[in-house]
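Enquirer:
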Amino acid sequence: MKEPPQYEREALENMPVGELVEVIVRQQEWAQQIYEEIERLKAVEQQE
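Number 10 in full-length UniProt numbering belongs to position 10 of the sequence shown; there are no gaps in the numbering.
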């Protein structure tokens, strides 16, 4: 994974831990939704 731009890195380093955890949890939820959608589309494709 490549390094984020310096301004993003500084923003993340200065972010309160609680807020950072919320961001991480949200990203994990999005990743889970994307995975589920991919699996659903694979199932639809196999039915055709």
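Beta carbons: idealized from backbone N, C-alpha and C, even for Gly. Computed from a prediction, not measured in an experiment: that's the story for all the values here.
So Lys2 is in the alpha helix (DSSP H); what residue range does that whole segment cover?
Expert: Locating residue 2 in the sequence shown gives position 2, counting from the first residue. Taken as a continuous stretch (DSSP letters only), Lys2 belongs to no alpha helix (DSSP H), as it is neither H nor E.
Enquirer: Work out the CA separation of Gln33 and Arg26 for me, nearest whole Å.
Expert: On the sequence shown, residue 26 is found 26 positions in, with the first residue counted as 1. On the sequence shown, residue 33 is found 33 positions in, with the first residue counted as 1. Whole-angstrom Cα-Cα distance: 11 Å.
Enquirer: Taking just the CA atoms, how far does Arg40 sit from Glu19?
Expert: On the sequence shown, residue 19 is found 19 positions in, with the first residue counted as 1. On the sequence shown, residue 40 is found 40 positions in, with the first residue counted as 1. Their backbone Cα atoms lie some 32 Å apart in a straight line.
Enquirer: Going by beta carbon distance, what residues of the same chain come within less than 8 Å of Glu3, once the five residues before and after it are set aside?
Expert: Counted from its first residue, the sequence shown places residue 3 at position 3. The answer, listed in chain order, is Arg9.
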